[in-house]
Amino acid sequence: MKIKVIISIVTIIYLHCMPICSQNLESGIPTPSIHYGIAHLEIRLSNKCTVRNKSYTGELSVSDPFYGERDIVFARKADGYYQFDIPVLFETFAHYEIGNIQGWCNLLPKDTTYISIGANGTAEPKKILNIDEESFLKDIFAFMQLNDLDGKIPYHKSEPNTQQNLLSHSLALNDYALRQIDALALPAGDKELSKVFIQSSILSTLFGYVKSNKEITTERINEIKANGKFFHFLKQFDLNNPMYLYAGGGGLYSDFLNFMVSDNQVLGISPIQDEPISEWIQDVKQKLSDKVGFEDGIFYNELIVAAYCKYLRDHIPLTDNQKTQITDYFHGNSFEQYLLAMNNELLIRIKNSNKAQICQVGCKKDFLRTLIKQHRGKVIYIDFWQTWCGPCKESIKGLELLKKSVLRDKDIVYIYIAGQSSPYEYWKRSINEMAGLHYYLYKGDEEWIKQECNIQSYPTTFIYDKTGHLIKRGFLDEVVIVNTLLK
1475 MKIKVIISIV TIIYLHCMPI CSQNLESGIP TPSIHYGIAH LEIRLSNKCT VRNKSYTGEL
1535 SVSDPFYGER DIVFARKADG YYQFDIPVLF ETFAHYEIGN IQGWCNLLPK DTTYISIGAN
1595 GTAEPKKILN IDEESFLKDI FAFMQLNDLD GKIPYHKSEP NTQQNLLSHS LALNDYALRQ
1655 IDALALPAGD KELSKVFIQS SILSTLFGYV KSNKEITTER INEIKANGKF FHFLKQFDLN
1715 NPMYLYAGGG GLYSDFLNFM VSDNQVLGIS PIQDEPISEW IQDVKQKLSD KVGFEDGIFY
1775 NELIVAAYCK YLRDHIPLTD NQKTQITDYF HGNSFEQYLL AMNNELLIRI KNSNKAQICQ
1835 VGCKKDFLRT LIKQHRGKVI YIDFWQTWCG PCKESIKGLE LLKKSVLRDK DIVYIYIAGQ
1895 SSPYEYWKRS INEMAGLHYY LYKGDEEWIK QECNIQSYPT TFIYDKTGHL IKRGFLDEVV
1955 IVNTLLK
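For what it's worth, the working numbering labels the leading residue of the sequence shown as 1475, then goes sequentially.
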């Protein structure tokens, strides 16, 4: 992620969240205390509060070091009162958005957070920082003058000295950022938080180099392995610092953990399967300890949790044997409770989902016209999407909720079309939570059909009325989709 983006994230969190989380402004945000529990959140909008955006859903994004952000989409309510029960591993924060009303709040295990939003659309006023905010903003945004690493080093290209140039520039930027943060008039805990966000951004860029172009090529593997000490830069990032857990928002630290525990050809770490955790983590330590600079600590527990969350993120529930291994290793502690809670959430989503129907493409010529003819007499919703497309997944998640509320029992057929840039097995698991007809296009079919339908970007949506006439197409927002489907 670009440096500009992460600085914005840090600033937003400081200005809207940190004082709520911290009980002591002199020491700043506390070190995360691992204690799993359900965080209860209540949001109440005043009846005088005007919500200008007429969207049908709202969204709560929970910062999570293993998922990046856990997005909860919910239906808008006329009374403006919302309740959530959210499993959390430690005190964390979330961003809520209800139409044009949005803000940050903290989430505490086994406790309740109340948000009351007044007539002007803002939450009850709270002291933001125990420093001069104008000075703080000036200092923190000074980092934006550095330019992002993507612009400095063309690390997606195989050019001489790219590896060493990127590493040298990244570590120099890391040193500079840490010195700048130390010079800020911030409490100690807040400085630590700033550092881990900046360092998570740099780690994200360095590992972006390793896995550039979405696939780790043989040439890239050999290039990294040729520099036997490349990953020794990790020693400079103090990865046993639990403050990194706060850096889940924006996907920075979660992306880093996910890379470490994926089928990692560069580091030689295999995915965790059904073997005892003690054996897997011992192998991990042998391969990482000289690179990270330690043999024990919370970082290794984070890798274990991330390894199992990799399955859950890919819509694969834990096996009975994996659950047994988790219990045997963690003995009922917070890490075990968190993993089992995330697994249960996935199982509930799968159970409550309507079964997806996988369809065959048939004749690719006049594909779209054939679909319309097959379903004439119904409103037809066609969505060209991909599993890697963030806006696609956000739109789909909201629409699934609406199918069970405002669009329930309507005479609408939903058709989803994806292609080979979406890995087939992952696509097949993903659609379990998407009610409708699903088509998977292989290379020849995909190129032909994309050209026939003039698909330039994702998502692209087509909506046809019951007579087969096209009434909307493009990247449509939720309100337009619902209003068009209900015409």
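All C-beta atoms in this analysis are idealised placements derived from N, C-alpha and C, irrespective of residue type, glycine included.
Beta carbon of residue i nearer than 9 Å to that of residue j
i, j, result
"phenylalanine 1841", "glycine 1722", "no"
"histidine 1805", "arginine 1903", "no"
"aspartate 1951", "serine 1529", "yes"
"serine 1644", "leucine 1667", "no"
"aspartate 1538", "serine 1728", "yes"
"valine 1956", "leucine 1876", "yes"
"glycine 1767", "lysine 1709", "yes"
"valine 1547", "lysine 1871", "yes"
"leucine 1792", "asparagine 1817", "yes"
"serine 1827", "lysine 1784", "no"
"lysine 1884", "leucine 1960", "yes"
"isoleucine 1937", "threonine 1958", "yes"
"glycine 1532", "alanine 1549", "yes"
"proline 1716", "threonine 1566", "no"
"lysine 1847", "glycine 1948", "no"
"phenylalanine 1671", "tyrosine 1720", "yes"
"isoleucine 1832", "isoleucine 1905", "yes"
"valine 1835", "tyrosine 1900", "no"
"isoleucine 1508", "aspartate 1664", "no"
"glycine 1647", "serine 1678", "Strictly speaking, residue 1647 in this sequence is leucine, with glycine absent from that position. Result no, Cβ atoms of leucine 1647 and serine 1678 do not sit closer than 9 Å."
"tryptophan 1922", "lysine 1867", "no"
"threonine 1934", "cysteine 1927", "yes"
Residue of the options minimising C-alpha distance to residue i
i, options, result
"aspartate 1939", "Asn1817, Asn1714, Val1887, Trp1754", "Val1887"
"glycine 1742", "Glu1753, Leu1731, Gln1760", "Gln1760"
"tryptophan 1578", "Lys1665, Leu1873, Ile1591", "Ile1591"
"glycine 1554", "Glu1565, Pro1583, Ile1517, Thr1587", "Ile1517"
"methionine 1734", "Trp1922, Glu1749, Glu1810, Tyr1782", "Tyr1782"
"serine 1763", "Thr1566, Leu1814, Ser1642, Phe1707", "Phe1707"
"valine 1779", "Lys1765, Gln1747, Glu1769", "Gln1747"
"glycine 1910", "Ile1889, Gln1654, Pro1504", "Ile1889"
"arginine 1544", "Ile1937, Glu1769, Asp1664, Leu1786", "Leu1786"
"serine 1642", "Asp1656, Lys1669, Ile1676, Ile1655", "Ile1676"
"glutamate 1819", "Ala1646, Asn1775, Glu1907, Lys1867", "Glu1907"
"phenylalanine 1705", "Leu1726, Phe1730, Tyr1718", "Phe1730"
"leucine 1713", "Ile1923, Leu1652, Ser1507, Gln1673", "Gln1673"
"isoleucine 1800", "Pro1750, Arg1843, His1849", "Pro1750"
"glutamine 1576", "Asp1585, Lys1839, Ile1589, Asp1649", "Ile1589"
Beta bridge counterpart(s) of residue i as assigned by DSSP
i, result
"valine 1562", "Gly1511"
"tryptophan 1901", "DSSP, once it has assigned bridges, lists no residue as partnering tryptophan 1901."
"threonine 1505", "DSSP, once it has assigned bridges, lists no residue as partnering threonine 1505."
"asparagine 1807", "Answer is none; asparagine 1807 lacks a bridge partner."
"tyrosine 1720", "The partner list for tyrosine 1720 (beta bridge, DSSP) is empty, contrary to what the question assumes."
"glycine 1942", "Per DSSP, none; premise fails for glycine 1942."
"tyrosine 1932", "None; tyrosine 1932 has no bridge partner."
"histidine 1912", "Ile1832, Tyr1890"
"glutamate 1571", "Glu1533, Gln1576"
"leucine 1519", "Ile1591"
Residue range of the beta strand (DSSP E) that includes residue i
i, result
"glutamate 1533", "1531 to 1538"
"glycine 1893", "1886 to 1893"
"serine 1590", "1585 to 1591"
"aspartate 1857", "1853 to 1858"
"glutamate 1543", "1542 to 1549"
"asparagine 1580", "1575 to 1581"
"isoleucine 1743", "Segment: none, isoleucine 1743 is in no beta strand (DSSP E) and carries neither H nor E."
"glutamine 1834", "First-last for glutamine 1834: undefined, no H or E at that position."
Proximity test, residue i beta-carbon vs the ligand PLP heavy atom, cut-off 8 Å
i, result
"aspartate 1840", "This structure simply doesn't include the ligand PLP, nor any ligand for that matter."
Extent of the continuous alpha helix (DSSP H) run through residue i
i, result
"tryptophan 1922", "1917 to 1927"
"tyrosine 1785", "1772 to 1787"
"isoleucine 1790", "No alpha helix (DSSP H) holds isoleucine 1790; DSSP gives it neither H nor E."
"leucine 1876", "1864 to 1877"
"glutamine 1760", "1751 to 1766"
"isoleucine 1955", "1952 to 1959"
"threonine 1844", "1841 to 1848"
"aspartate 1729", "1726 to 1735"
Stretch-stretch touch, CB-based, cutoff 8 Å, three pairs: the region 1888 to 1898 with the region 1907 to 1925: yes
Three CB pairs or more closer than 8 Å across the region 1551 to 1570 and the region 1512 to 1526: yes
The region 1743 to 1757 / the region 1571 to 1578 touching (three or more Cβ pairs under 8 Å): no
Sufficient close CB pairs (3 or more, under 8 Å) joining the region 1806 to 1821 to the region 1860 to 1874: Taking 8 Å as the limit for Cβ pairs, the verdict is that the region 1860 to 1874 does not touch the region 1806 to 1821.
Segment contact, 8 Å Cβ cut-off, at least three pairs: the region 1808 to 1824 with the region 1842 to 1853: no
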